[in-house]
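Below is one structure; the comments refer to it alone.
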């Protein structure tokens with residue numbers, strides 16, 4: 001299938017700055033007493049939002065939504081277990097079939113051809129020019145959780161197709177999450193929503209913080225990271241190390257920034273989305289990191305794959321097997337490349353010692369829970385966890401496993417660099433400004449680490465709050481990158 005690729009309607013675009021106030025104004029003009037009319041308006045707005053990228057793929061999300069809506073009703077109307085199971089299998093096959101075709105068809109084809117070549121039987125196989133539908137991994141998992149929960153008897157299906165279609169396509173979180181459960185979000189489409197000024201203000205604060213992380217930090221980090229990764233062979237070793245560090249900041253600020261904007265935007269319309277990030281770089285071990293990073297995906301795999309496989313209830317072998325499966329599948333979910341599989345496997349290897357020694361649930365509270373300064377033990381844990389995560393991100397960012405290995409080899413074998421080289425780079429004004437903004441962000445998030453987001457400052461006096469907003473806005477306008485860089489997770 002060949003289609004003209006367009007840029008999705010980005011949160012960080014002028015078009016969205018026009019789109020959001022228009023949708024917001026009409027939505028609340030409709031009135032809280034007319035829930036179905038509000039849902040219809042949100043559905044139209046969400047389809048415009050998604051169709052902005054390519055309207056032809058609206059048929060895909062509509063078909064997937066209607067299929068799972070119908071199967072959910074039929075599943076609930078029968079007590080015959082084999083029939084219920086057949087309906088669930090149909091949902092799984094169709095949804096995962098679409099996902100597999102668009103996302104993994106060429107990957108499997110290429111690897112099959114390479115396998116035949118390896119055994120001396122060259123195979124001529126042509127791939128297809130397939131465009132990956134934006135957000136397909138997210139809304140596929142969202143609809144699958146609906147049918148899975150109905151099959152397990154944990155959820156009653158809705159008889160309202162309008163609310164279900166709006167739930168699947170809700171524009172703030174449609175293309176990059178959080179991956180919502182029907183048990184949380186769907187009932188919110190079926191009950192009246194009233195405008196709450198305090199919630200709306202907090203939503204605006206969270207959106208502002210998300211925009212700051214995206215355009216000031218993530219997009220400026222991307223400039224250096226992209227330049228270095230484009231020519232790994234000729235880049236200075238110290239630049240490779242800096243690029244690896246900056247990508248760690250980039251992916252966090254890009255993805256958590258998107259989640260902040262999505263959650264804050266949803267709050268403007270009276271909806272509460274699940275939290276997707278809980279300051280993961282303050283984690284003291286890898287297990288804690290994965291409880292705080294991309295929470296909606298981690299809990300999805302836990303509930304719908306890890307626990308059904310047996311979780312941690314079995315012996316040592318079952319724990320190892322299930323952990324490797326969950327991390328490798330999570331890696332493969334991100335994309336059709338061996339780099340993501342290696343990234344997942346590395347995280348499993350980092351996680352297994354904690355699981356096997358029953359230390360994977362040691363750090364359940366917030367760091368420095370009794371004060372503002374962490375202990376030396378906590379600092380050591382944060383440093384080790386951040387370093388391991390940084391190492392794994394190299395595979396996530398690289399174009400191939402070989403490229404990632406060359407990248408790491410050059411860092412570890414050639415890194416000693418001139419002190420003056422490093423200092424001159426760090427004192428370069430754009431670089432020093434970027435690191436200052438990163439420090440500012442982490443400082444705010446540290447102070448608010450027990451809150452929902454980094455700019456949750458309602459507890460401060462009005463003049464203090466307004467001063468903080470002015471500072472963040474100035475940083476955005478002065479140092480923000482406004483060249484419409486897409487969010488990293490759009491490609492997944």
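Residue numbers (this note's numbering): 1 to 492.
Glycine is no exception: its CB is placed at the ideal position from the N, C-alpha and C atoms.
Only a predicted model underlies this, so the values are computations on that prediction, with no experimental measurement involved.
Going by C-alpha to C-alpha distance, which of 218, 20, 228, 167 sits closest to residue 62?
Ranked by how close their Cα comes to the Cα of residue 62, the residues 218, 20, 228, 167 have 167 in first place.
What is the rounded straight-line gap between the Cα of residue 347 and the Cα of residue 109?
Near 27 Å, if we compare the C-alpha coordinates of residue 109 and residue 347.
Counting only runs that start and end within the region 274-352, where is the alpha helix (DSSP H) found for 4 or more residues in a row?
Taking only runs of at least 4 residues, the alpha helix (DSSP H) segments lying wholly in the region 274-352 are 286-292, 295-301, 316-334.
The alpha helix (DSSP H) with residue 140 in it runs from where to where?
First-last of the alpha helix (DSSP H) with residue 140: 136-151.
Using only CA atoms, which one of 345, 453, 481 lies nearest to residue 215?
The shortest C-alpha to C-alpha distance from residue 215 to any of 345, 453, 481 is the one to 481.
Ordered along the chain, which non-local residues of its own chain (more than five positions away) have a Cβ less than 8 Å from that of residue 196?
Within the same chain, 270 come within 8 Å of residue 196 by CB-CB distance, once the 5 residues on both sides are set aside.
What's the call for residue 265, buried or exposed, on a 16-neighbour Cβ count within 10 Å?
With a 10 Å radius around the Cβ and a threshold of 16 neighbouring Cβ atoms, residue 265 comes out buried.
Limits of the alpha helix (DSSP H) - the one that residue 34 falls within:
Premise fails: residue 34 is in no alpha helix (DSSP H) and is neither H nor E.
For the alpha helix (DSSP H) containing residue 198, name the first residue and the last one.
That run of the alpha helix (DSSP H) goes 197-211.
Here's the rule I'm using: 16 or more other beta-carbon atoms within 10 Å means buried, otherwise exposed. How should residue 506 be labelled?
The structure shown does not extend to residue 506, since the chain is modelled only from 1 to 492, so the question has no answer here.
Taking one C-beta from the region 328-342 and one from the region 171-182 each time, how about it: are there three or more such pairs within less than 8 Å?
Counting C-beta pairs with one atom in each stretch, the region 328-342 and the region 171-182 have fewer than three that are closer than 8 Å, which means they do not touch.
With a Cβ-Cβ cutoff of 7 Å, do residue 393 and residue 247 count as a contact?
Yes.
To the nearest angstrom, how far is the alpha carbon of residue 88 from that of residue 302?
Between residue 88 and residue 302, the C-alpha separation is close to 19 Å.
Proximity winner among 483, 489, 492, relative to residue 13 (alpha-carbon distances)
Closest by alpha carbon: 483.
With 16 other Cβ atoms within 10 Å as the buried cut-off, status of residue 438:
Buried, since its Cβ has 16 or more Cβ neighbours within 10 Å.
CA-to-CA distance, residue 254 to residue 317, given in whole angstroms:
Straight-line Cα distance between these residues: approximately 37 Å.
Three-pair Cβ contact test at 8 Å for the region 440-459 versus the region 295-309
Cβ pair count under 8 Å is below three, so no.
Checking contacts by CB at 7 Å: is residue 186 closer than that to chain D?
Protein chains in the displayed structure number just one, and chain D is not present.
With distances taken from CA atoms, which of 194, 343, 10, 221 is nearest residue 400?
The shortest CA-to-CA distance from residue 400 to any of 194, 343, 10, 221 is the one to 343.
Would you kindly report the start and end of the unbroken alpha helix (DSSP H) that includes residue 393?
Note, residue 393: alpha helix (DSSP H), 376-397.
Alpha carbon of residue 75 to alpha carbon of residue 202, nearest angstrom:
Looking at the two C-alpha atoms, the distance is approximately 40 Å.
From the DSSP output, in three-state form, read off residue 91 for me.
If DSSP states are grouped into helix, strand and coil, residue 91 belongs with the helices.
Taking the straight line between their C-alpha atoms, what separation do you get for residue 388 and residue 351?
Approximately 11 Å between the Cα atoms of the pair.
Is the region 154-163 in contact with the region 227-244, if contact means three or more CB pairs nearer than 8 Å?
Here the region 154-163 does not lie against the region 227-244, with fewer than 3 beta-carbon pairs under 8 Å apart.
Residue nearest to residue 205 in terms of C-alpha spacing, selected from 457, 91, 130, 375
Considering only 457, 91, 130, 375, the residue with the shortest C-alpha distance to residue 205 is 457.
Can you give me the C-alpha to C-alpha distance between residue 103 and residue 60, rounded to a whole angstrom?
Here the alpha carbon of residue 103 sits roughly 14 Å from the alpha carbon of residue 60.
Taking the Cβ atom as the reference point for each residue, do residue 10 and residue 52 lie within a distance shorter than 7 Å?
Result no, Cβ atoms of residue 10 and residue 52 do not sit closer than 7 Å.
Neighbourhood of residue 228 by C-beta distance below 7 Å, restricted to the same chain and skipping five residues each side
By the criterion of a C-beta distance shorter than 7 Å, residue 228 is surrounded in its chain by 235, 239, 240, 243, once the five residues flanking it on both sides are discounted.
Check the C-beta distance from residue 165 over to residue 356 and give it rounded, since I have them as a contact under 8 Å.
Actually they do not touch by this definition, with Cβ atoms about 45 Å apart.
Per DSSP, what kind of secondary structure is residue 188 in: helix, strand or coil?
Assignment of residue 188 by DSSP, reduced to helix, strand and coil, places it in the helix class.
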